[in-house]
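See below for the structure under consideration.
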Amino acid sequence: MTFAKTTAFFAPVLVALTLTTAPAVAQDAFAGPVKARQGQFQIMAINLGLLGNMAKGEAPYDAEIAQNAADSLVGLSMIYPGHLFVEGSDMDALEGNRAKPTIWTDNADFLAKWEAFGEGALVMQAAAGNGVEALGPALGAIGGTCGDCHKAHRGPES
Amino acid sequence: MRRFIRFCLFLAVLVAAGAWLLSRPAGLAEGRFDNLTGDAVAGEQVFIASGCASCHMSPGADEAEADGKLVLAGGMRFPSPYGTFLAPNISMSSAGIGDWTVQDLGNALLRGVSPEGQHYYPAFPYTSYARMTDRQVADLWAYMTTLPVDDTASLPHDIGFPFNIRRSLGLWKPLYLRPQWVLANAPDAQVDRGRMLVEALGHCAECHTPRDQLGGLQRDAWMTGAPNPAGRGRIPGIDPATLGWSVAEIAYYLETGFTPEFDTAGGHMVSVIENTAQLPESDRQAIAAYLVALR
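If you read the protein sequences in the order shown, they are chains A and B.
Residues in the first sequence are numbered consecutively from 1, following my numbering.
Residues in the second sequence are numbered consecutively from 1001, following my numbering.
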């Protein structure tokens, strides 16, 4: 077999191999940033949960815990999302991922919605230490910013 | 042989004539709402609970503006296995429903029939709205007449053959337009209210219940979750066995969008939460009580 013939013979095999391994390769290349941002949202859920359970009356109000949770939310909001939401690490490329490509095609909107979360977190930071009454409304405002962003930029569960 | 062919032709004509008659759009009796005076304040609650704006607002509407969601210009797209449906204008313009009467709204909501006497596609969830009371229809109409006018023309659906034959829905409706409650017996007033909010106004089953081959809801798999009609993923089940949330957890989710794990709603459910957040707490509790009562 000549080189050209060999190539022609194996080309379909190579194409098939590339197609089947491409997602796995993408999975590896983005593993770090994806893990980091998913962790970021888990930290968010833990701190929202501490505040939420006090607001719901399922846990006693504790000013110090509430303040620490609110401060954590503000801290999370200050992490620049561009370094974790790396272009291409979306639900079309990665198995089990829910990041819509709109995060990058409409990046300004995504960043604006992330910033809105930050503003909500600041309101919570100012309120959290001043009694349980303020937690509910501040949480409601933050929840609204979560929803706004998820409606536009988060895909369905698979 | 010739006689047999003639007989077959005769039979075919008979079946076609029968199908034509059976598929005739049938509206409500005239004057059904004559003795009802709608209350716009109560109608606003029906409007919110029914999620009208979530589908009929313009997709480009600025939700941040106070009335952004109340300009019901239509145009939102709803992909499905049958093609893409486009929400029509239902504002108080002649391009919308500005020339309608309460009778027309009743025919649309309770029978799925347009003022022109055509069947609506059940993408407009009249299979759920058919469980509304006449009082709710009249109140809703009173409220909708107060909403802004927008002259944007409704766009045609993008539906392929044979689903573009609206008349065929006349044969679909006897199978699936069944206004009887799915939870036949509501044990108390709260579950009864929840049933009205979930099965009728909120039309939750339209997404959360799987559909059969003909696109009808599978009542024996009520609220157990379904494939996402718009593409990838699933709409989660919200029956007690699948969901496993308490009444308090469901009510809090409907108020804030936070799950018990403090994840939050996504996709179209965000629009639903925007509506349920506006309902009184007693209604959110009622929805939760209904869902937990499903066994």
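C-beta: ideal position from N, C-alpha, C; glycine also.
So that I know if they touch, is there some Cβ in chain A lying closer than 7 angstroms to that of residue i?
i, result
"V1270 (chain B)", "yes"
"N1228 (chain B)", "yes"
"F1078 (chain B)", "no"
"A1016 (chain B)", "no"
"T1264 (chain B)", "yes"
"T1256 (chain B)", "yes"
"G1267 (chain B)", "yes"
Flag residue i as yes if its beta-carbon sits less than 7 angstroms from any beta-carbon of chain B, otherwise no.
i, result
"G118 (chain A)", "no"
"A69 (chain A)", "no"
"E157 (chain A)", "yes"
"K151 (chain A)", "yes"
"G147 (chain A)", "yes"
"R154 (chain A)", "yes"
What are the residues that DSSP puts in a beta bridge with residue i?
i, result
"V34 (chain A)", "Paired residues: none, contrary to the question."
"D1158 (chain B)", "B:T1084"
"V1113 (chain B)", "B:H1119"
"P1227 (chain B)", "B:R1234"
"F1007 (chain B)", "Answer by DSSP bridge pairing: none, since F1007 (chain B) is not bridged."
"L1217 (chain B)", "B:R1211"
Quick check on residue i: does DSSP put it in helix, strand or coil?
i, result
"A1205 (chain B)", "helix"
"F1078 (chain B)", "strand"
"T1264 (chain B)", "strand"
"M1 (chain A)", "With a pLDDT of only 44 at M1 (chain A), under 50, the local geometry of the prediction cannot be trusted, and the value read off the model is given with reservation. Correct three-state label for M1 (chain A): coil."
"A99 (chain A)", "strand"
"R1135 (chain B)", "helix"
"F1258 (chain B)", "strand"
"R1211 (chain B)", "strand"
"L1175 (chain B)", "helix"
"R154 (chain A)", "strand"
"L1294 (chain B)", "coil"
"I1147 (chain B)", "The residue you asked about is not Ile; residue 1147 (chain B) is Leu in the sequence shown. The answer is coil: DSSP assigns L1147 (chain B) none of H, G, I, E or B."
"I1287 (chain B)", "helix"
"P1240 (chain B)", "helix"
"F117 (chain A)", "helix"
"I79 (chain A)", "coil"
"D92 (chain A)", "coil"
"G1170 (chain B)", "helix"
"Q1180 (chain B)", "coil"
"D1099 (chain B)", "coil"
"N68 (chain A)", "helix"
"F110 (chain A)", "helix"
"M1092 (chain B)", "coil"
"E87 (chain A)", "coil"
"G1038 (chain B)", "coil"
"R1296 (chain B)", "One cannot answer for residue 1296 (chain B) here, as it falls past the ends of chain B, which runs 1001 to 1295."
"L1021 (chain B)", "helix"
"W104 (chain A)", "helix"
"R1002 (chain B)", "helix"
"D148 (chain A)", "helix"
"Q125 (chain A)", "helix"
Practice problem: Could you list the residues in the region 34 to 56 of chain A with a C-beta less than 7 angstroms from some C-beta on chain B, going in chain order? | Solution: A45, L48, G49, G52, K56
Quiz prompt | Short-range partners of chain A found in the region 1228 to 1248 of chain B, where Cβ spacing is below 9 angstroms | solution = N1228, A1230, G1231, R1232, G1233, R1234, I1235, P1236, A1248
Quiz item: Can you list, in chain order, the residues of the region 129 to 142 of chain A whose Cβ is nearer than 8 angstroms to any Cβ on chain D?
Solution: The chain labelled as chain D is not found among the protein chains of the depicted structure, namely A and B.
Quiz item: Hey, which unbroken runs of the alpha helix (DSSP H) at 4 residues or more fall wholly within the region 1043 to 1070 of chain B?
Solution: 1052 to 1056
Quiz item: Quick one: complete alpha helix (DSSP H) runs, 4+ long, within the region 35 to 60 of chain A?
Solution: The DSSP assignment places no complete alpha helix (DSSP H) segment of no fewer than 4 residues inside the region 35 to 60 of chain A.
Self-check item: Where the region 1036 to 1054 of chain B meets chain A: residues whose CB sits under 8 angstroms from a CB there
Solution: Taking 8 angstroms as the Cβ-Cβ cut-off against chain A, none of the residues of the region 1036 to 1054 of chain B qualify.
Practice problem: Below 9 angstroms between beta carbons is the criterion; list the residues of the region 1272 to 1284 of chain B that meet it against any residue of chain A, in chain order. | Solution: Of all residues in the region 1272 to 1284 of chain B, I1273, E1274, A1277 have a Cβ within less than 9 angstroms of some Cβ in chain A.
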